[in-house]
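These notes concern the structure reproduced below.
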Amino acid sequence: MIYIVRHGQTNWNLEKRNQGRKDIELNEKGILQAKETAEKLKDKKFDIVYSSPLKRAMQTAKIITNQEIIEDSRIIERSNGEIEGKLKSEYQSLVDFTDPNETRYNIEPLNDFRKRIENFFKEIVNKYPKKDILVVTHGGVSIYAKCYFEGEPTDGNYIKYKLKNCEILKYKN
């Protein structure tokens, strides 16, 4: 099984600030969420553990398990360029993150972002069949991980695919 977990809450999540690749740490609630997720997964011995290299994901992974963690930059959050650090109210009318042609403000092209996520999951599914794998990552990555395993949302609403902080998704590999 592949277990996908979004990192715990940060102050920027709370403030509705775009994090992108900014290296923000978990807040107290995020640490508590990670501990609750660890409790849910306490009987699970993972064969392999992957995490985004960003602090919020690594902190979450280290709270969930004391196993060795492989940092993989393919599951780092999308680079949102000049939008990072801005409040949602400041940027939501400026950009469409679901538009594959959106590259203004130095935003990572959506197709490049999706491709690296697909490549990551394709690789681990093929390389580790029947292994239990934990992947700790980000909200944006979770959307396209879900697309990879379940297909595109029929109503075009990709945001509904985004995991909540420390939510767990499970897929057979």
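The opening residue of the sequence shown carries number 481 in the working numbering; numbering runs sequentially from there. Cβ atoms here follow ideal geometry from the backbone N, Cα and C, with glycine treated the same way.
Within its own chain, the residues whose Cβ lies closer than 8 Å to the Cβ of residue 483, once the five positions on either side in sequence are excluded, are 521, 524, 526, 612, 613, 614, 615, 648, 649, 650, listed in chain order. Per DSSP, reduced to three states, the secondary structure at residue 551 is strand. With respect to the C-alpha of residue 517, the residue from 653, 644, 625 having the closest C-alpha is 644. Residue 500 and residue 553 do not touch by the CB rule: their CB atoms are close to 14 Å apart, not below 8 Å. Contact check between the stretch 497-512 and the stretch 526-540: three or more CB pairs, one atom from each, fall below 8 Å, which counts as touching. The continuous beta strand (DSSP E) containing residue 529 extends over residues 528-531. For the stretch 575-621, the continuous beta strand (DSSP E) assignments of 3+ residues that do not extend past its boundaries occur at 613-617, in sequence order.
About 5 Å separates the CB atoms of residue 624 and residue 597; that is less than 8 Å, so the two are in contact. In the three-state DSSP reduction, residue 494 falls in the helix class (H, G or I).
A Cβ-Cβ distance of about 7 Å is found for the pair residue 486 and residue 617, placing them in contact under the 8 Å criterion. In the three-state reduction of the DSSP assignment, residue 521 falls in the coil class, being assigned neither a helical nor a strand state.
Just so you know, the alpha carbons of residue 548 and residue 606 end up roughly 21 Å apart.
Within its own chain, the residues whose Cβ lies closer than 8 Å to the Cβ of residue 495, once the five positions on either side in sequence are excluded, are 567, listed in chain order. Per DSSP, residue 640 is not a residue of any alpha helix (DSSP H), being assigned neither H nor E.
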